[in-house]
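Novice: Residue 218 in the numbering used here is what sits at position 185 of the sequence shown, and the numbering runs on without skipping anything. For each residue, glycine too, the CB sits at the ideal point set by N, CA and C. Dropping a structure here in C-alpha cells format, bear with me for questions.
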Amino acid sequence: MAELLFYKKPVALNREEHKNFKFLPVKDFSFTNGINSVPLTGIEFFEASRELPVLFSKDGQDNFFPLALLSLMNNGHKLISDEGEWQGSYVPAFIRRYPFALTEEGTVCFDSEYAQINADQEEGKPLFNEEGENSESLANIVNFLQQFDQSTKATAEFTKKLAELDLFKPFTIQIMTPEKKPLRMEGLYVIDEAKVAKLDDEIVLSLFKTGQLAWVYAHLHSLGALRHLSKKQQEA
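The structure is reproduced here in C-alpha cells:
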C-alpha cells in the first residue's frame, strides 16, 4: 500500500458494511500538522513550483522520490490557518486524497478515524446508491485515486531513469530561523542542471517525448520558491 502518512486507522471500504455511509470533503487540514514535506508526483511539479520547492529524497530502499517542501522547519509548516484552512495556492494530491487511499491490490480504503465519513450524519454525499453500487461521488473519488496511483508509478519510473543517468546531486539547506537559530536540512537532492546539459541528444529527445524533460525544468524552476517559502514563513 502507498505510504499512509496521515491515516490513523485505515480500513477497506465495504459496500455492505458501509452502505449507508456519507462523506463530507476535508476542509480542516490540521491533520498535516507536524510535517514539513509530502511526496509529490511529476505531473504536479508545474503547479507546485509556483510556491513550493520540489526536491528529492531517498526511501528505505534507497530509491529517489520527489517531495514538496512545505516549510523550512524540521517539524511542521505554516500553510494552514488556526482553523485548519489551507493558506497556500496548491494542495498536493498526497494530501487531497485523504481520507481515502488505494491498496497495492487496488482496494479502496479510508481512515475510519476521520469524523466526517459515517452513517450517522445527515449532511454529506452517499458513497453508495440504493442499489448498492458506487455513487457518483465515490466514482469520482476512485477515479482520482487511480490517477494518483498511475502518476505515482510514472514518477517512480522518472526518478529511476534520472538515477541511472546519475543526474542527482546532494542539496543541503542552511538558513537562520526567525529565532536567530541556524537550521540545517540534509538528506535532500536536486537535479544537476550541468549534467543535464551534457546529455546525449538521443537521451534528451527521449526525455522530451515522454514529457519528463519538462518535469526536470519545473523542478529546477521550483528552487526559486525557497526564497518565497522563507519569506512567508518569517511573516507567519
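If I follow the unbroken beta strand (DSSP E) through Leu221, where does it start and stop?
Specialist: 215-224
Novice: Where does Gln207 sit, in a helix, a strand or coil, going by DSSP?
Specialist: strand
Novice: Rounded to the nearest angstrom, what separates His252 and Arg217 at their Cα positions?
Specialist: Each residue's alpha carbon lies about 21 Å from the other.
Novice: Is Leu88 helix, strand or coil when you go by DSSP?
Specialist: strand
Novice: Leaving out the 5 sequence neighbours to the left and right, which residues in its chain are closer than 7 Å to Pro122 when beta-carbon positions are compared?
Specialist: Correcting the residue type first, residue 122 is Ser in the shown sequence and not Pro. For Ser122, where only same-chain residues beyond five positions count, the Cβ hits under 7 Å are Arg83, Glu84.
Novice: Starting from the Cα of Glu197, find the closest Cα among Phe241, Val44, Asp95 and give me that residue.
Specialist: Asp95
Novice: So, for His254: in the same chain, excluding its five sequence neighbours on each side, which residues have a beta-carbon less than 8 Å away from its beta-carbon?
Specialist: Ser82
Novice: Using a C-beta cutoff of 8 Å, does Arg260 count as contacting chain B?
Specialist: Although the question refers to chain B, the structure presented lacks it and comprises just one protein chain.
Novice: Within this structure, are the beta carbons of Gly75 and Ala258 separated by less than 8 Å?
Specialist: no
Novice: What does a CB cutoff of less than 6 Å around Phe62 pick up in its chain, not counting 5 residues either side in sequence?
Specialist: Ile113, Gly117, Trp119
Novice: Is DSSP giving Ser63 helix, strand or coil here?
Specialist: helix
Novice: Hey, Leu103 and Val141: beta-carbon distance below 8 Å or not?
Specialist: For Leu103 and Val141, no; Cβs fall outside 8 Å.
Novice: Return helix, strand or coil for Lys52, following the three-state DSSP convention.
Specialist: coil
Novice: Taking the straight line between their C-alpha atoms, what separation do you get for Thr136 and Pro86?
Specialist: The alpha-carbon atoms of Thr136 and Pro86 are separated by roughly 28 Å.
Novice: What number of angstroms, rounded off, separates the C-alpha of Gln183 from the C-alpha of Ile174?
Specialist: 14 Å
Novice: What's the gap between the Cα of Lys228 and the Cα of Phe201?
Specialist: Approximately 9 Å between the Cα atoms of the pair.
Novice: Mapping the DSSP letters down to three states, classify Phe201 as helix, strand or coil.
Specialist: strand
Novice: Given a cut-off of 8 Å, decide if Phe204 and Leu232 are closer than it, judged by their beta-carbon atoms.
Specialist: no
Novice: What does DSSP give as the partner residues of Asp115 in its beta bridges?
Specialist: Answer by DSSP bridge pairing: none, since Asp115 is not bridged.
Novice: Pick out whichever of Glu190, Arg260, Glu226, Ile206 has its Cα sitting closest to the Cα of Gly244.
Specialist: Glu190
Novice: Measure from the alpha carbon of Arg129 to the alpha carbon of each residue in Thr65, Asn167, Lys42, Phe79, then state which is nearest.
Specialist: When only C-alpha atoms are compared, the closest one is Thr65.
Novice: So for Val44, helix, strand or coil by DSSP?
Specialist: strand
Novice: In three-state DSSP terms, what is Ile150?
Specialist: Ile150 carries a strand assignment under DSSP once its states are collapsed to helix, strand and coil.
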